[in-house]
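In this note's numbering, the protein residues as written are 1240 to 1457. Beta carbons: idealized from backbone N, C-alpha and C, even for Gly. Predicted model only: the values in this text are computed from it and were never measured. One structure below.
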């Protein structure tokens, strides 16, 4: 049983990815999450807006307050996992999550560019400062496979994810390619139907790290 809290208030993408539209309802003061075709509970600022493309032009404290509200005032019910999709960087929203939510662990997502690596290191150091466990690092957009010759093209440069993970002493969960099929499924709102061996391998490594963290806590 999984819920997804879209904490990227100014750039919400979760409703589109899961193909879920419409306004979220409330019973009393408790907001009811939207539910995807396959049963994933979702909460995003777009479920509270009249139009999905309406801009959210708020300052940091307001953004942080909404994220806290989404955690405390949404009827998530019984969940095995609540995934919080954070915006990049070390701004008000990630800080609020670190300080206010009972975070079990963090997954760091990077890409091959050195510029991305520099920004990700800032995020890693912030997480370490707040003492949250880091389950590992995933390198996204590591390569694309040519549809004609099957050659692996590293269009954003040589992947550095494993090196970055080792340098920061966190687990390396694997790398993900640029996949036009994923882009199409996301645009169609059918991300739950996407099947990928690369994703399966990363998910398996993440599951192992989560189980390991639970064992260490026990």
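In DSSP terms, what residue i is bridged to
i	result
residue 1373	1345
residue 1244	1282, 1323
residue 1383	1392
Supposed close pair residue i, residue j - CB separation, criterion 8 Å
i	j	result
residue 1273	residue 1286	6 Å
residue 1348	residue 1342	About 16 Å; that fails the 8 Å criterion.
residue 1251	residue 1281	With 8 Å as the limit, residue 1251 and residue 1281 do not qualify as a contact, their Cβ atoms being about 10 Å apart.
residue 1302	residue 1331	6 Å
residue 1295	residue 1249	5 Å
residue 1444	residue 1412	5 Å
residue 1310	residue 1244	6 Å
residue 1312	residue 1269	6 Å
The alpha helix (DSSP H) enclosing residue i, as first and last residue numbers
i	result
residue 1493	Residue 1493 cannot be examined here, being either before or after the span of the chain that is shown, 1240 to 1457.
residue 1444	1436-1456
residue 1430	Looking at the DSSP string, residue 1430 is not in any alpha helix (DSSP H), and its letter there is neither H nor E.
residue 1419	1419-1426
residue 1406	1400-1406
residue 1255	1253-1257
Residue range of the unbroken beta strand (DSSP E) whose run includes residue i
i	result
residue 1413	1411-1414
Within-9 Å CB hit, residue i to chain D
i	result
residue 1341	In the displayed structure, chain D is absent; only one protein chain is listed.
What are the uninterrupted segments assigned as beta strand (DSSP E) that are 3 or more residues long and contained completely in the stretch 1262-1317, given in chain order? 1280-1282
The stretch 1410-1427 touching the stretch 1376-1395, judged by at least three CB pairs closer than 8 Å: yes
Measuring CB atoms only, is the stretch 1395-1405 touching the stretch 1426-1437, in the sense that at least three cross pairs come out at less than 8 Å? no
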